[in-house]
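Chains X and E, in that order, are what the protein sequence lines are. Residues 1 to 344, numbered by the working numbering, are exactly what the first sequence covers, in order. Residues 1001 to 1492, numbered by the working numbering, are exactly what the second sequence covers, in order.
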Amino acid sequence: MSALTVTGVSKAFGETLAVDDVSLHVPHGSLTAVLGPSGCGKTTLLRLIAGFLAPDAGTIAFDDRVVAGAGRPVPPQDRRVGYVPQEGALFPHLDVAANIGFGLPRGERAAGARIDEMLDLVELPRTFRGRAPHELSGGQQQRVALARALAPRPTVVLLDEPFSSLDASLRESTGRAVARALRAAQATGLLVTHDQSEALSLSDQVAVLRDGRLIQAGSPADVYLAPHDPELARFVGGATSLPGRAGQGTAATCALGSVTLTHPSSADDLVLVIRPDQVVLDPAGVEARVDEVSFYGHDAAIRLTVAGAALVARVPGPSAPAAGDRVRVGVRGTVHAYPAPVRD
Amino acid sequence: MAVALLAVIPLVYVATYTVIIGPAELWDLVVRPRVLELLRNTVTLAVATMAATAVLGIGLAFVVERTDLPARRLWHGLLVAPLAVPAFVNGYAWVSLDRSINGFGGAWLVVTLSYYPLVYLPAVASLRGLDPALEEASWSLGHTRWQAFTRVVLPQLRPALLGGTLLVGLHLLAEFGALSLLRFPTFTTAIYDQYASTFNGSAATAMAAVLVMLCLFLLLAELRLRGTRHYARVGHGAARVSEPVALRGLRWPVVALVGGLVVLALGVPTYALLHWLVVGTSTEFPLGELLSAMGSTVVLATVGALATTLAAVPVAWLAVRYRGRLTTLVERSTYVANALPGIVVGLSLVVASLRLVPVLYQTAILLVVAYAILFLPRAVVSVRAGLEQAPVVLDHVAQSLGTGPLETARRVTLPLIAPSLGAGAALVFLAISTELTATLMLSPIGTRTLATEFWSASSELRYGAAAPYALLLVLISVPATVLLMRQERLHP
C-alpha cells in the first residue's frame, strides 16, 4: 500500500467544471472520506484516481509514481487500485470465490488460500465460497466486493458510496466491518459518501467537496468542531447560523444573549454557528417558543423560535418539551464566528 | 455503421427509384384503378385486422390474467400456440377444407386468428406486471371496477396495445402466402405477381413505394401516439398478485367463447394438417425431397442466424454503451428495415445486385443478406437486452483488478451476454426457416426449402403433397414460440 497524492486536479465536462483544482494527500494505511452532496464532483474525483477518466490538469501519484498528469496516463488495469462501486457490482455469473479471485494470478486463484484469507478479513464464513451473488444480502455483497478489491493487494482502495443502497441498520454495521477490514489490511482507502455521520465515524480524515472545490480537509473532529465556513457547519453538524455582534475580546451578543467565541473576531458584524448539541434548556436563558419536536428516544430534536430567529436544539429524550411550549434556552461551550457577508 | 447502411439499402432503392422515374410517371403508375383497388383492399384489411386483434388480444388477456376462469394456465398455452402456425399454413388449412373461404371475409378471419397473439402476449405481460395497488387506489378514490379498468388499467396497457397492433399491421402489410392462397389481392401479393409474371420493375417498384409509405406511416403513428410518457412503476418491491374477478354466471359462456376461439385458431389447422397428411401420404410420401428441403432450410437458417447475430452485436453495443444521437440513428435505421416487407427487401436486392454486383445475383449470399436485413431487429433486441445485463461498471471493476480490454471481454462480457446471443440467434433461425416471400424471390435456382416446397405444392392445389412440409414448418416454429413466451416473461 502507498500514499495517495492528488495535486491541482481539474476535470470539466463541457461547460461544467466537475472537479476544480483539488489537492489532497491520503497518508499510507489511512482512510479518507470524501464528503459532499450529490453532484459535488466526488465520484468524478474517484474515477480520475481509478483511471476511468483522465484529468484536464494536475497530477495523481501513488507514493512517487505519477499515474496521471505526466505524459500518457497509466490505464486502469495497470494502476493496481481496488475499486468498490455502489451496490457492489459483483460479477453475476461467478460465485463468491471466483469473484474474490478474479484479480489474482491463475496459480494463486487455484490455490485458494488468498480467497479464504480475504473471507476471514471481511468476516464472512468460508462456507460462502460457492454461493452465487444473488444468494447474498446487500451487506454481504458489499463485503465480497471489498474482498475482491483487496485480494490482489492494491496500492489504494476506492469505495464509491458503498453503503448507500443498504438500509439504515445494515449500513452502520457493514460500514464498521469494512473500516475494520481496511485497517487490518493496512490499506490506503478513499471513501466517497454524502452521509456525514458515515464520513465522521469511519474515517481518519474528512475532505469536504462542494461544487468541485475542496472546502476543507482535516480530522473528523476538526471538520465538525472548526468548520471552514457557516455552510459547511450547517452541512456537517446540522448547525444553525444566527447574526451576532462582536464585543470585547471573545465576547459577542446575539438572540440567545451573550456568548463566548472560540477566537476573537476582527469584524463587528458576525455570523455565529451554533450546533444543536450546544443549545441547552436553561432556566436562566432567554425565552423561546417550541415549534416542532422530533422524538428519537435517546434524544429529541426541537425546532425553536427565539426572538424571530429559527434554531435547532438537541435535548435528552426524557426532558423533551411539547410543541407549543415556552422554554428558556442558553448556549453551552464556545461558539464559532465568521465575518458577516458585506451587503450593499 | 456498415450494418446500418446495409439495412437501409431497400429504403434507398425505393427512394432513388421514385426520384429517377420522376413524379409524373410515378403518378401515372400509382393512380390507376388497379392500384387504387389494391390500396383500398390493403387499408381496409389492415384496419379491420388491427381492430379485431386489439379487441381479442386485450379481452383474452383480461379473461386469462384477471378472472377466475378455470384452468387459466392451460388456456394461456393454447391461446399462444397459434404463433407456431405460420399464417400461410393457416390460410392453406382453411382454404383446403372449404374453397368458399376467400376474399375479404376469409382473409380477415385467417389473419386475425393468426395474429391476435401478437397483441395478447404483451397485454398479458403488462397485466401481470401491473401493481394491483394502482387499481386499489382507484377504487379508494370512488371508482367502480369498470371505471378503474378504463381509467387506470387500460392506459397502462397502452404501450402493449400500440406495440402489438403495430406489429399486426406490419405483418399484415408484409403478408403474402396466406392472402395469395385466399385470393385477396393486396400490395404485397400484387407486387409478387407483377414481378413473377412480367419482371416489370417499374410497376412493381411503384407499388413497393406505396407499400413502404404505408409501413412508415404505421411506424410514425405508433411513435406519435406513444409519445414520451413513461409507464414506470413507482417504488420498489415485488407487486402483489391481484385478486381475480369472479365471473359467476358468465363463467361458462366465457369458457365457451375462449374455447371456440381456440378451436378456430388451433383446431382447424391441426385438423386440416392431419387430414391431408393421411390423404396425402396414402398417395405419395417423397422422403428424399422432404429431407433435402429440410437440409437446405437448416443450412440457410443457421448461416443466416449467425450472420444476423454477428451484425447485431456492434449495433446493440453502440446503442447501449455510447448513447447519443448518431448511435440512436444507427439503431433506429435497423428498425425501419423491420417495417419493410420481405417483398420489398427481396425486390430491392434483386435490382441492386443486378445493377451493382451481378455476380451475387441468384446466390445464397444475397439471400443471407436479405435475411440479415429482415431479421436484424429481432437479434438487436435480444443482444441489447443481454448487454443491459452487463453494465459498464463490471468492466471498470475488472479493469481495476488488472485485466485488459480483451481479457475483460472474454472473462466478463461474453459469459454474461452469451445466453441472449443464443436466444437471438435461435429466434432468427426460426424466423428464417418459415420465411416465404424473400426466399421465393432470391433463392438460387434449384434450392428448395420447406417453405418454398410447401408453397409450390399448395398454390398448385396439391394439398396432400403440401401437408408434410407444413407439418415440419409448424414443428420448427414450436421452439420459437416457447422462446418468445419466455422473453415476454423476462422483459414485459
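Beta carbons are placed, not taken as given, at the ideal position from N, Cα and C, and that holds for glycine.
Considering only the alpha carbon of each residue, which of 246(X), 272(X), 214(X), 53(X) lies closest to residue 239(X)?
Among 246(X), 272(X), 214(X), 53(X), the Cα nearest to that of residue 239(X) belongs to 272(X).
Near residue 1209(E), what residues of its chain come up, given a Cβ to Cβ distance below 6 Å and the 5 sequence neighbours on each side ignored?
Cβ within range, chain order: 1014, 1018.
Here's the rule I'm using: 16 or more other beta-carbon atoms within 10 Å means buried, otherwise exposed. How should residue 1238(E) be labelled?
In this prediction, residue 1238(E) has a pLDDT of 47, which is less than 50 and means its spatial position is unreliable; nothing more can be read from the coordinates.
What residue from 101(X), 159(X), 24(X), 85(X) has the CA that sits closest to residue 215(X)'s CA?
Minimum Cα distance to residue 215(X) is reached at 24(X).
Can you name the residues of chain E whose CB is closer than 8 Å to the CB of residue 80(X)?
The answer, in chain order, is 1402.
Bridge partners for residue 206(X) per DSSP, in chain order?
Beta-bridge pairing links residue 206(X) to 33(X), 218(X).
Run the CB neighbour count on residue 1470(E), radius 10 Å, all protein chains shown included, and call it buried at 16 or more, exposed below.
When all chains shown are included, residue 1470(E) counts as buried.
Are the Cβ atoms of residue 1178(E) and residue 1110(E) separated by less than 8 Å?
In contact: residue 1178(E) and residue 1110(E) (Cβ atoms closer than 8 Å).
Drop a sphere of 10 angstroms on the beta-carbon of residue 262(X), count the other beta-carbons inside from all chains shown, and report buried for 16 or more, exposed for fewer.
Result: exposed.
Please classify residue 161(X) as buried or exposed, where buried requires at least 16 other C-beta atoms within 10 Å of its C-beta.
With 16 or more other Cβ atoms within 10 Å, it is buried.
At what residue ranges does the segment 233-262 of chain X contain a whole run of the beta strand (DSSP E), taking only runs of 3 or more?
Listed in chain order, the complete beta strand (DSSP E) runs (minimum 3 residues) inside the segment 233-262 of chain X are 240-246, 251-254, 257-260.
For chain E, find out if any of its Cβ atoms is closer than 8 Å to the Cβ of residue 55(X); answer yes or no.
No, residue 55(X) lies away from the interface with chain E (no Cβ there is under 8 Å from its Cβ).
How far does the beta strand (DSSP E) with residue 62(X) in it extend, from its first residue to its last?
57-62 is the extent of the beta strand (DSSP E) around residue 62(X).
Would you kindly work out how many angstroms separate the C-alpha atoms of residue 32(X) and residue 218(X), rounded to a whole number?
If I take the Cα positions, the gap works out to 9 Å.
Within 10 Å of its beta-carbon, does residue 1020(E) have 16 or more other beta-carbons around it, so buried, or fewer, so exposed?
With fewer than 16 other Cβ atoms within 10 Å, it is exposed.
Give me the DSSP bridge partner(s) of residue 339(X).
Answer is 270(X).
Under three-state DSSP, which class holds residue 289(X)?
Residue 289(X): strand per DSSP, three-state reduction.
Going by the beta-carbon positions, is the gap between residue 1371(E) and residue 1435(E) smaller than 8 Å?
A contact, by the Cβ cut-off of 8 Å.
Could you check which residue in 1129(E), 1346(E), 1072(E), 1254(E) has the C-alpha nearest to that of residue 1156(E)?
The option with the nearest alpha carbon to residue 1156(E) is 1129(E).
Under 6 Å Cβ to Cβ from residue 119(X), same chain only, skipping five residues before and after it: list those, please.
Contacts found: 126.
Check residue 23(X) in the structure and name its three-state DSSP category.
Correct three-state label for residue 23(X): strand.
Since residue 299(X) sits in a beta bridge, which residues does DSSP pair it with?
Per DSSP, 316(X).
What is the rounded straight-line gap between the Cα of residue 1424(E) and the Cα of residue 1373(E)?
Residue 1424(E) and residue 1373(E): Cα-Cα distance of roughly 14 Å.
May I have the straight-line CA-CA distance separating residue 1231(E) from residue 305(X), to the nearest angstrom?
Confidence in residue 1231(E) is poor, its pLDDT being 49 and thus under 50, which makes the residue's placement too unreliable to answer from.
Check residue 1253(E) in the structure and name its three-state DSSP category.
Three-state result, residue 1253(E): helix.
Quickly, what does DSSP pair residue 11(X) with across the bridge? List them, please.
Bridge partners of residue 11(X): 19(X).
With DSSP collapsed to three states, give me the class of residue 1011(E).
Note: residue 1011(E) maps to helix in three-state DSSP.
Residue 307(X) and residue 252(X) - do their beta-carbons sit closer together than 8 Å?
No, the Cβ-Cβ distance between residue 252(X) and residue 307(X) is not below 8 Å.
Spatial neighbours of residue 1056(E) within its chain, please: CB distance less than 6 Å, with the 5 preceding and 5 following residues excluded, ordered by chain position.
1116.
Straight-line CA distance for residue 1441(E) to residue 79(X)?
If you take the alpha carbons of residue 1441(E) and residue 79(X), they lie about 58 Å apart.
Please confirm whether residue 293(X) and residue 300(X) have their CB atoms less than 8 Å apart.
Going by C-beta atoms, residue 293(X) is nearer than 8 Å to residue 300(X).
Short of 8 Å in beta carbon distance, which residues of its chain neighbour residue 1084(E), apart from the five on each side in sequence? Order them along the chain.
If we look at residue 1084(E) and ignore the five residues flanking it on each side, its Cβ neighbours are 1474, 1477, 1478, 1480, 1481.
Counting contacts by CB-CB distance shorter than 8 Å, is residue 140(X) in contact with chain E?
Not an interface residue.
Taking DSSP as the reference, what is the three-state secondary structure of residue 44(X)?
Three-state result, residue 44(X): helix.
Nearer than 7 Å: is that true of the beta carbon of residue 121(X) relative to any heavy atom of the ligand NAD?
Questions concerning the ligand NAD fall outside what the structure shown contains, since it holds no ligand whatsoever.
So with CB distances below 9 Å, who are the chain X contacts of residue 1416(E)?
Under the 9 Å cutoff, chain X gives 91, 92, 93.
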